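Participant:
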Amino acid sequence: MFRYKNPDISAAGDQLIDTLPMKAYPGMHSPSEKRLFAGKPQAVTMPAGASAQADLNTALDALFNHPNVGPFISRQLIQHLVASHPSPGYIARVAAVFNNNGKGVRGDLGAVARAILLDAEAANPPAGSVGKLREPVARVSHWMRSLAATSASGQYAINSDLEPLGQRPYYAGSVFGYFRPGYVPPNTTFSAEGITVPPMQIVNEATTAQWVNLAQRMASTGVGSTGTQFDVVASLQPLADMVAAGRLDALIDHLNLLLYAGRMSTSLRQDLMEAMLNVGGTDAEAHLNRARVAVFLALASPEYMVQR
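This is the structure:
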């Protein structure tokens, strides 16, 4: 058993419970012999009398070196970064790098990340690839980075806005995360073909409507609250300046590059242009409102939800 050394683990009794490392209690550790993967090629025996820390190190090493670990971790990292339903070949190529980074090192996650992002399947998805559904946290962080959002408090207090979307940071409903890696949306074309789309597990009518509402605030007032003001606000003045200069196409190009990696459809471009032209007025506030409506539609579009 591992926990922080103070036996009073209540929040009131130990304010540092969530920040200090866990520590083994020798009195709660069995000194008997232990076996992992008995009868398997990966079988490991922990001798009797070993300390809790020694047994833990042995167990972690045994798990880390199990042949299933590379494919297991690789698949889930690919799902979070590139594709919800990676091909067996993609998983195998990344797992091979996890097993050996080319220099005899196992578990080099930097090399694994490069293998995932630079794989041919990431740059040129095969026909029929579903890509990946952007998770709520990824959408909000993408908006913050793309439009230079700043936090008045320095805390980026957005938890309350993300909770209705099913992904409040650090508050997953299970130790296994917000959704299952093998989730297949029922009664859909995905289920008919056995395609996994993990983030769809937290998508429903309510979370979809909440996202549209949040996107509207992201494009206008800002999000998060410290009690007296919106905490996280994007910098839209550069976009308003483009509008003032009559450079609406340049504004759309800018959003296409930052939010869509250059893959915005022609029809969506036309929708953004039409929406901006329908905003009345010629003063500075009107220019800003045109920029706001373009950002809102770019964020709320189903096209934005799917990353390919």
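My numbering numbers the first residue of the sequence shown as 311 and each following residue consecutively. For every residue, glycine included, the Cβ atom is placed at its ideal position computed from N, Cα and C. Here the structure is a predicted model, which means the values were calculated and not measured.
1) Go to SER484, then tell me how far its alpha helix (DSSP H) extends in each direction, as first and last residue.
2) Could you pull out every residue in the same chain whose Cβ sits closer than 6 Å to the Cβ of ALA405, ignoring the five residues on either side in sequence?
3) Grab the span of the beta strand (DSSP E) containing LEU346 for me, first residue to last.
4) With a Cβ-Cβ cutoff of 8 Å, do ASP581 and LEU607 count as a contact?
5) Would the beta-carbon of PRO331 fall within 8 Å of that of GLY359?
6) To which residues of the same chain is VAL543 closer than 7 Å at the C-beta, ignoring the five residues directly before and after it?
7) For TYR480 versus ASP541, is the C-beta distance shorter than 8 Å?
8) Going by alpha carbons, who is nearest to ALA594 out of GLN539, GLY438, VAL440, LEU549?
9) Are the C-beta atoms of GLU613 and some chain B residue less than 8 Å apart?
10) Quick check on the burial criterion: 16 or more other C-beta atoms within 10 angstroms. Buried or exposed for ARG602?
11) I'd like the list of long-range same chain contacts for SER575, defined as Cβ closer than 8 Å, with 5 residues on each side in sequence excluded.
12) Where in the segment 494 to 581 do unbroken runs of the alpha helix (DSSP H), each at least 4 residues long, occur, reported from the N-terminal end onward?
13) What number of angstroms, rounded off, separates the C-alpha of ALA421 from the C-alpha of THR536?
14) Closest to PRO564 by C-alpha separation, out of THR368, ALA604, THR517, would be which residue?
Facilitator: Taking the definition as stated:
1) From DSSP, SER484 is part of no alpha helix (DSSP H); its letter is neither H nor E.
2) GLY380, PRO381, SER384
3) 344 to 346
4) yes
5) no
6) ALA459, THR460, GLY532
7) no
8) LEU549
9) No chain B appears in this structure, which consists of one protein chain only.
10) buried
11) GLU613
12) 499 to 503, 515 to 528, 547 to 554, 558 to 570
13) 40 Å
14) The question names Pro, but residue 564 in the sequence shown is His. Of THR368, ALA604, THR517, the residue nearest in Cα terms is ALA604.
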